[in-house]
Amino acid sequence: MIDISKESNFEILEMETDKDHIHFLIKSEPKVSVLSIVRKLKQESTNRLWKTQKDYLEKYYWGENTLWSDGYFASTIGNVSKEAAEYYIRNQG
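What follows is the structure in structure tokens.
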């Protein structure tokens, strides 16, 4: 995911995985839509994993080269400090 962001127009400041989802703290320009960031992360990570882990994934994903659900949740940090958001994300899971 970090590699994907480095090749794109956003920066992942913090990331933490949970059992069935991932929390991100992402920095981007206002002109970059949240949807475009989510789409880029989902598409690129799926493509890269299928290229490197195809034999393993074929055992669990029959006929579909997909890994992610259709939805996502996004929010701005608003009045919360960057440090508070980073702490929250680091302590998930």
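Taking the working numbering, the leading residue of the sequence shown gets 31, the next gets one more, and so forth.
Beta carbons: idealized from backbone N, C-alpha and C, even for Gly.
Where does the unbroken beta strand (DSSP E) through residue i begin, and where does it stop?
i, result
"Ser63", "That residue, Ser63, is in no beta strand (DSSP E); it is neither H nor E in DSSP."
"Ile107", "Run containing Ile107: none; DSSP gives neither H nor E here."
"Met45", "Phe40 to Thr47"
On the CB-based measure, 16 or more other CB atoms within 10 Å of its CB, does residue i come out buried or exposed?
i, result
"Phe40", "buried"
"Ser111", "exposed"
"Leu63", "Reading off the sequence, residue 63 comes out as Ser, not Leu. Label assigned to Ser63: exposed."
Could you give the C-beta distance for residue i and residue j, rounded to a whole number, given that I count them as a contact under 8 Å?
i, j, result
"Thr96", "Thr82", "Going by Cβ atoms, the distance from Thr96 to Thr82 rounds to 16 Å, so no, they are not a contact pair."
"Ile32", "Ile42", "6 Å"
Is the beta carbon of residue i sitting closer than 8 Å to the one on residue j?
i, j, result
"Glu46", "Gln122", "yes"
"Ala115", "Leu55", "yes"
"Lys72", "Trp98", "yes"
"Tyr102", "Val68", "yes"
"Ser38", "Lys61", "no"
"Ile34", "Glu74", "yes"
How is the alpha helix (DSSP H) around residue i delimited, first residue to last?
i, result
"Asp33", "Ile32 to Lys36"
Alpha helix (DSSP H) runs contained entirely in the stretch 78-105, provided each spans 4 or more residues
Taking 4 residues as the minimum length, the alpha helix (DSSP H) runs contained wholly in the stretch 78-105 are 84-88, in order along the chain.
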